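Chemist: Attaching a single structure in structure tokens format; questions to follow.
2 protein chains.
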Amino acid sequence: MPDEQSLTEKLFRGEPRAVARAITKVENGAHGAAALMKEVFPRTGNALIIGITGSPGAGKSSLVDKLALFYREQGEKIGIICIDPSSPFSGGAILGDRIRMQTLGLDKNVFIRSMATRGNLGGLARATVDAVAILDAAGFDKIIVETVGVGQDEVEIVKTADVSVVVLVPGMGDDIQAIKAGIMEIGDVFVINKADREGVLRTEKELETLLSLAHRPDFWHSPIIKTVAPESKGIEDLSKAIESYYEFQKKGENLERRTAIAKWRMLELLQEKLLADVLSRSGTGEKLDRLAQEIAEKRNNPYSAVEEILK
Amino acid sequence: MPDEQSLTEKLFRGEPRAVARAITKVENGAHGAAALMKEVFPRTGNALIIGITGSPGAGKSSLVDKLALFYREQGEKIGIICIDPSSPFSGGAILGDRIRMQTLGLDKNVFIRSMATRGNLGGLARATVDAVAILDAAGFDKIIVETVGVGQDEVEIVKTADVSVVVLVPGMGDDIQAIKAGIMEIGDVFVINKADREGVLRTEKELETLLSLAHRPDFWHSPIIKTVAPESKGIEDLSKAIESYYEFQKKGENLERRTAIAKWRMLELLQEKLLADVLSRSGTGEKLDRLAQEIAEKRNNPYSAVEEILK
Numbered sequence: 001m002p003d004e005q006s007l008t009e010k011l012f013r014g015e016p017r018a019v020a021r022a023i024t025k026v027e028n029g030a031h032g033a034a035a036l037m038k039e040v041f042p043r044t045g046n047a048l049i050i051g052i053t054g055s056p057g058a059g060k061s062s063l064v065d066k067l068a069l070f071y072r073e074q075g076e077k078i079g080i081i082c083i084d085p086s087s088p089f090s091g092g093a094i095l096g097d098r099i100r101m102q103t104l105g106l107d108k109n110v111f112i113r114s115m116a117t118r119g120n121l122g123g124l125a126r127a128t129v130d131a132v133a134i135l136d137a138a139g140f141d142k143i144i145v146e147t148v149g150v151g152q153d154e155v156e157i158v159k160t161a162d163v164s165v166v167v168l169v170p171g172m173g174d175d176i177q178a179i180k181a182g183i184m185e186i187g188d189v190f191v192i193n194k195a196d197r198e199g200v201l202r203t204e205k206e207l208e209t210l211l212s213l214a215h216r217p218d219f220w221h222s223p224i225i226k227t228v229a230p231e232s233k234g235i236e237d238l239s240k241a242i243e244s245y246y247e248f249q250k251k252g253e254n255l256e257r258r259t260a261i262a263k264w265r266m267l268e269l270l271q272e273k274l275l276a277d278v279l280s281r282s283g284t285g286e287k288l289d290r291l292a293q294e295i296a297e298k299r300n301n302p303y304s305a306v307e308e309i310l311k
Numbered sequence: 001m002p003d004e005q006s007l008t009e010k011l012f013r014g015e016p017r018a019v020a021r022a023i024t025k026v027e028n029g030a031h032g033a034a035a036l037m038k039e040v041f042p043r044t045g046n047a048l049i050i051g052i053t054g055s056p057g058a059g060k061s062s063l064v065d066k067l068a069l070f071y072r073e074q075g076e077k078i079g080i081i082c083i084d085p086s087s088p089f090s091g092g093a094i095l096g097d098r099i100r101m102q103t104l105g106l107d108k109n110v111f112i113r114s115m116a117t118r119g120n121l122g123g124l125a126r127a128t129v130d131a132v133a134i135l136d137a138a139g140f141d142k143i144i145v146e147t148v149g150v151g152q153d154e155v156e157i158v159k160t161a162d163v164s165v166v167v168l169v170p171g172m173g174d175d176i177q178a179i180k181a182g183i184m185e186i187g188d189v190f191v192i193n194k195a196d197r198e199g200v201l202r203t204e205k206e207l208e209t210l211l212s213l214a215h216r217p218d219f220w221h222s223p224i225i226k227t228v229a230p231e232s233k234g235i236e237d238l239s240k241a242i243e244s245y246y247e248f249q250k251k252g253e254n255l256e257r258r259t260a261i262a263k264w265r266m267l268e269l270l271q272e273k274l275l276a277d278v279l280s281r282s283g284t285g286e287k288l289d290r291l292a293q294e295i296a297e298k299r300n301n302p303y304s305a306v307e308e309i310l311k
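The listed protein sequences correspond, in order, to chains A and B. The numbering used here applies: residue 1 is where the first sequence begins, and numbers increase by one. The numbering used here applies: residue 1 is where the second sequence begins, and numbers increase by one.
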């Protein structure tokens with residue numbers, strides 16, 4: 001396919017339109033996505049992939065913007081992927097374009113993309129990981145994956161980054177132990193953003209205590225960086241902390257972690273493909289609709305329905 | 001199987017141990033889970049299922065505890081399921097037992113369970129929905145599904161409840177628009193918790209504006225309830241708001257929504273079953289490990305690997 005060939009050629013030259021088209025392709029699971037990704041993979045491995053997560057309200061988006069600006073000033077090309085939760089019963093991305101588009105979006109060396117699930121079939125995690133690989137192959141130096149929420153999918157995605165950054169704010173209230181426990185294990189670098197607020201010392205102390213209790217298999221001691229994103233305070237420190245974990249983990253073989261990630265990617269892809277194969281059989285769509293209605297009317301149950309589909 | 005028979009008998013009598021065993025069964029996707037659920041489904045439909053979501057730090061857990069206590073005082077049996085995000089690369093539930101266990105856990109008419117993903121295979125949403133059905137069949141009057149995070153999976157799960165409650169706190173900062181946009185569409189009832197804090201009026205006004213812009217297909221006007229959970233303030237109002245949406249949505253046919261949920265459950269189950277079938281083929285485990293290592297060493301890519309598994 002000459003069209004496909006020119007797409008990958010343009011992609012490897014870093015043309016924004018080709019990057020966007022390629023990502024749309026893997027997002028939709030379109031025909032040809034597998035062929036594209038097989039070409040993309042051998043070209044990956046040059047970018048530093050940074051995952052950023054934390055509660056909504058922690059100021060992640062402005063932190064990401066400032067970090068991206070900092071990298072831009074070093075002359076680097078930046079990709080930003082924003083994971084956007086949305087309900088499967090209504091569908092559609094919610095945030096889409098944001099204020100950032102006004103400050104960063106016009107810069108040709110910054111590529112920004114929001115990704116959201118479409119419909120019920122999942123695949124967001126797989127699509128995100130593929131989009132990161134595309135940006136990597138297209139020559140972006142730093143790729144930042146930012147999550148809006150802090151749920152299961154988001155944690156899975158952030159864990160596939162080279163360096164995972166967890167963003168907290170001072171005095172988050174009575175659930176702070178719970179949050180920290182939930183995301184403690186994934187943080188290679190911790191940020192206390194809005195560090196001009198009251199309670200920053202207490203939050204820092206609590207975090208230090210929790211970190212001292214955690215046992216990382218690699219014996220890395222996760223640093224705590226204080227930032228005030230709107231004033232760009234602490235952004236350089238953050239970039240240094242990210243770099244230093246990146247160097248640290250490159251020293252270790254780290255093959256075990258990459259194998260675990262590879263396995264997870266295969267299982268995601270396998271599941272997606274198996275379901276797509278069943279759904280593409282003729283008549284399955286109608287059968288599914290009929291069975292769903294039967295279940296809704298309590299004349300059937302999901303377990304028996306699935307057996308009928310597979311018969 | 002006489003053992004199975006006695007399990008469902010005990011389950012339908014509401015014996016806590018049988019309930020716990022049944023949930024473990026569906027959580028592990030154990031042999032016999034499908035047979036169990038086929039017996040459970042015809043017995044469901046009596047409980048009111050309440051989904052509670054919102055950012056970490058919003059005080060959801062104490063709100064849930066107070067609401068459960070309120071229902072207990074009305075003589076009702078309460079089931080609480082807590083969705084617990086955890087990393088697939090380390091596995092295991094994180095919160096497990098919490099302070100609540102000390103206040104509610106000894107009450108025989110309160111059943112509390114944390115659910116977390118185990119490993120990479122997903123299925124948390126399906127397992128949670130099955131656990132809710134089990135509690136329903138076991139005679140619990142109110143079932144509260146509480147999420148720790150506010151990600152994709154959590155939103156999906158909460159949407160399957162009869163009434164979805166979204167919890168906010170005053171003055172969550174610059175991401176508040178984003179949060180609200182993300183969960184706006186799923187809230188049948190909104191709670192501003194910690195309503196003794198500064199900024200409550202502003203948050204209420206903002207929320208009202210957003211709600212007036214939202215168009216719900218059912219024309220329901222989502223109420224905003226102010227609570228201070230530790231002091232049990234606003235809990236009765238919350239229970240009334242929940243009840244009134246429940247009555248409202250029962251009047252409408254609501255078949256469309258239930259059909260959408262049924263379809264989603266089928267697809268989840270189908271995906272899980274298809275993957276389990278492939279993985280149970282002899283030799284697949286070893287093949288998967290070998291391919292994962294090849295990918296980690298960049299000698300292969302996930303797409304080609306999946307094709308090899310399916311060959």
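Don't be surprised by glycine CBs; every beta carbon is placed ideally from N, CA and C. Being a predicted model, the structure only gives us computed values, none of them experimental.
Assign proline 42 of chain B to one of two classes, buried (16 or more other C-beta atoms within 10 Å of its C-beta) or exposed (fewer than that).
Modeler: Counted from its first residue, the second sequence places residue 42 of chain B at position 42. So proline 42 of chain B counts as exposed.
Chemist: Helix or strand or just coil, what does DSSP make of glycine 45 of chain A?
Modeler: Here residue 45 of chain A refers to the residue found at position 45 of the first sequence. DSSP places glycine 45 of chain A in the coil class of the three-state scheme, outside both helix and strand.
Chemist: Between which residues of its own chain and serine 90 of chain A is the CB-CB distance below 7 Å, once the five residues before and five after are set aside?
Modeler: Looking up residue 90 of chain A in the first sequence gives position 90. With a pLDDT of 33 at serine 90 of chain A, under the threshold of 50, the predicted position of this residue should be treated as unreliable, and no value is reported.
Chemist: Look at the alpha carbon of threonine 53 of chain A and the alpha carbon of valine 165 of chain A, and state the distance between them as a whole number of angstroms.
Modeler: Position 53 of the first sequence, counting from 1, holds the residue named residue 53 of chain A. Position 165 of the first sequence, counting from 1, holds the residue named residue 165 of chain A. Near 6 Å, if we compare the C-alpha coordinates of valine 165 of chain A and threonine 53 of chain A.
Chemist: Looking at the C-beta of glycine 283 of chain A, does it have a partner C-beta in chain B at a distance below 8 Å?
Modeler: Translated into positions along the first sequence, residue 283 of chain A becomes position 283. No, no contact with chain B.
Chemist: Ordered along the chain, which non-local residues of its own chain (more than five positions away) have a Cβ less than 8 Å from that of isoleucine 309 of chain B?
Modeler: Translated into positions along the second sequence, residue 309 of chain B becomes position 309. Excluding positions up to five away in sequence, the list reads Val278, Thr284, Lys287, Leu288, Leu291.
Chemist: Any contact between the region 268-278 of chain A and the region 225-239 of chain B? By contact I mean 3 or more CB pairs, one from each, below 8 Å.
Modeler: no
Chemist: Less than 8 Å separating the beta-carbons of tyrosine 245 of chain B and lysine 142 of chain B?
Modeler: Reading the second sequence from its first residue, position 245 is the one you call residue 245 of chain B. Reading the second sequence from its first residue, position 142 is the one you call residue 142 of chain B. Cβ atoms of tyrosine 245 of chain B and lysine 142 of chain B: not closer than 8 Å.
Chemist: Indicate whether the contact test is met: 3 or more Cβ pairs, each with one atom in the region 72-82 of chain B and one in the region 188-195 of chain B, closer than 8 Å.
Modeler: no
Chemist: Enumerate in chain order the residues of its own chain whose CB-to-CB distance from isoleucine 261 of chain B is below 6 Å, with the five nearest sequence positions on each side excluded.
Modeler: Taking the second sequence and counting its residues from 1, the one referred to as residue 261 of chain B is at position 261. Cβ neighbours of isoleucine 261 of chain B beyond the five flanking positions: Thr160.
Chemist: Alpha carbon to alpha carbon, how far is serine 55 of chain B from leucine 201 of chain B? Give it in angstroms, no decimals.
Modeler: Position 201 of the second sequence, counted from the start, is the residue given in the question as residue 201 of chain B. Position 55 of the second sequence, counted from the start, is the residue given in the question as residue 55 of chain B. Here the C-alpha atom of leucine 201 of chain B lies approximately 19 Å from the C-alpha atom of serine 55 of chain B.
Chemist: Measuring alpha carbon to alpha carbon, tell me which of A:Gly57, A:Trp264, A:Arg113 ends up nearest isoleucine 144 of chain A.
Modeler: Start at 1 with the first residue of the first sequence, and residue 144 of chain A comes out as number 144. Comparing Cα positions, the closest option is A:Arg113.
Chemist: To the nearest angstrom, how far is it from the Cα of glutamate 236 of chain A to the Cα of glutamate 156 of chain A?
Modeler: Position 236 of the first sequence, counted from the start, is the residue given in the question as residue 236 of chain A. Position 156 of the first sequence, counted from the start, is the residue given in the question as residue 156 of chain A. Cα to Cα, the separation comes out at about 27 Å.
Chemist: Taking contact to mean at least 3 C-beta pairs separated by less than 8 Å, is the region 191-198 of chain A in contact with the region 209-221 of chain A?
Modeler: no
Chemist: Roughly how far, in whole angstroms, is the beta-carbon of isoleucine 23 of chain A from the beta-carbon of alanine 125 of chain A, given that I think they are within contact range, below 8 Å?
Modeler: Residue numbering aside, residue 23 of chain A sits at position 23 when the first sequence is read from its first letter. Residue numbering aside, residue 125 of chain A sits at position 125 when the first sequence is read from its first letter. Actually they are not in contact, since the Cβ atoms of isoleucine 23 of chain A and alanine 125 of chain A sit about 15 Å apart, beyond 8 Å.
Chemist: Can you look up valine 158 of chain A in the DSSP assignment and give me helix, strand or coil?
Modeler: Here residue 158 of chain A refers to the residue found at position 158 when the first sequence is read from its first residue. Under the three-state reduction of DSSP, valine 158 of chain A is assigned to helix.
Chemist: CA-CA distance, threonine 44 of chain A and asparagine 301 of chain B?
Modeler: Counted from its first residue, the first sequence places residue 44 of chain A at position 44. Counted from its first residue, the second sequence places residue 301 of chain B at position 301. Rounded to the nearest angstrom, the two C-alpha atoms are 11 Å apart.
Chemist: Classify glutamate 236 of chain B as helix, strand or coil using the three-state DSSP reduction.
Modeler: Translated into the one-based positions of the second sequence, residue 236 of chain B becomes position 236. Under the three-state reduction of DSSP, glutamate 236 of chain B is assigned to helix.
Chemist: Using a Cβ-Cβ cut-off of 6 Å (strictly less than) and excluding sequence neighbours within five positions of glutamine 293 of chain A, which residues of its own chain qualify?
Modeler: Working through the first sequence from its first residue, we reach residue 293 of chain A at position 293. Cβ neighbours of glutamine 293 of chain A beyond the five flanking positions: none.
Chemist: Let me see if you follow: with CB-CB separation under 8 Å, is glycine 45 of chain A close to chain B or not?
Modeler: On the first sequence, position 45 is the one that residue 45 of chain A refers to. Closer than 8 Å to some Cβ of chain B, the Cβ of glycine 45 of chain A qualifies, so yes.
Chemist: Among the residues of its own chain, which have a CB less than 7 Å from the CB of alanine 137 of chain B, if the five just before and after it don't count?
Modeler: Translated into the one-based positions of the second sequence, residue 137 of chain B becomes position 137. Closer than 7 Å at Cβ, skipping near neighbours: Leu11, Phe12, Val40, Arg43, Thr44.
Chemist: When you compare only the Cα positions, how much space is there between glutamate 206 of chain B and glycine 59 of chain B?
Modeler: Residue mapping note: residue 206 of chain B aligns to position 206 of the second sequence, counting from 1. Residue mapping note: residue 59 of chain B aligns to position 59 of the second sequence, counting from 1. In a straight line, the C-alpha of glutamate 206 of chain B is about 20 Å away from that of glycine 59 of chain B.
Chemist: At the level of alpha carbons, what is the spacing between glutamate 307 of chain B and lysine 226 of chain A?
Modeler: The residue given as residue 307 of chain B occupies position 307 in the second sequence. The residue given as residue 226 of chain A occupies position 226 in the first sequence. Each residue's Cα considered, the two are about 46 Å apart.
Chemist: So that I know if they touch, is there some Cβ in chain A lying closer than 8 Å to that of arginine 258 of chain B?
Modeler: On the second sequence, position 258 is the one that residue 258 of chain B refers to. Chain A contact via Cβ: present.
Chemist: Assuming methionine 314 of chain B and alanine 133 of chain B form a contact by the criterion Cβ under 8 Å, report the distance between their Cβ atoms to the nearest whole angstrom.
Modeler: Not covered by the structure: residue 314 of chain B. The range shown for chain B is 1 to 311.
Chemist: Would you mind listing the beta strand (DSSP E) stretches within the region 220-281 of chain A that are 3+ residues and don't spill past its ends, in chain order?
Modeler: 224-226
Chemist: Does chain A have any CB closer than 8 Å to the CB of glutamate 15 of chain B?
Modeler: Looking up residue 15 of chain B in the second sequence gives position 15. No, glutamate 15 of chain B lies away from the interface with chain A (no Cβ there is under 8 Å from its Cβ).
Chemist: Can you check whether the C-beta of tyrosine 245 of chain B is within less than 8 Å of a C-beta belonging to chain A?
Modeler: What you label residue 245 of chain B is simply residue 245 of the second sequence in a count that begins at 1. Closer than 8 Å: no.
Chemist: Report the residues of the region 65-78 of chain B with a CB closer than 7 Å to any CB of chain A, ordered along the chain.
Modeler: none
Chemist: Are any of the Cβ atoms in chain B nearer than 8 Å to that of leucine 267 of chain A?
Modeler: Translated into positions along the first sequence, residue 267 of chain A becomes position 267. By this cut-off, leucine 267 of chain A is an interface position.
Chemist: Judging by CA-CA distance, which residue of B:Trp220, B:Lys298, B:Ser280 is the nearest neighbour of arginine 258 of chain A?
Modeler: The sequence position of residue 258 of chain A within the first sequence is 258, counting from 1. Closest by alpha carbon: B:Lys298.
Chemist: Give a yes or no on whether the minimum CB-CB distance between lysine 226 of chain A and chain B is below 8 Å.
Modeler: Taking the first sequence and counting its residues from 1, the one referred to as residue 226 of chain A is at position 226. Judged by the 8 Å Cβ criterion, lysine 226 of chain A is not in contact with chain B.
Chemist: Would you kindly work out how many angstroms separate the C-alpha atoms of valine 19 of chain A and serine 6 of chain B, rounded to a whole number?
Modeler: For the purposes of this step, residue 19 of chain A is taken as the residue at position 19 of the first sequence. For the purposes of this step, residue 6 of chain B is taken as the residue at position 6 of the second sequence. Each residue's alpha carbon lies about 59 Å from the other.
Chemist: If the cut-off is 9 Å on Cβ atoms, which residues from the region 285-310 of chain A count as contacting chain B, listed in chain order?
Modeler: Listed by position along the chain: Leu288, Asp289, Leu291, Ala292, Gln293, Glu294, Ile295, Ala296, Glu297, Lys298, Asn300, Asn301, Pro302, Tyr303, Ser304, Ala305, Val306, Glu307, Ile309, Leu310.
Chemist: DSSP on glutamate 9 of chain A, reduced to helix/strand/coil?
Modeler: The count along the first sequence starts at 1 and reaches residue 9 of chain A at position 9. In the three-state scheme derived from DSSP, where H, G and I count as helix and E and B as strand, glutamate 9 of chain A is classed as helix.
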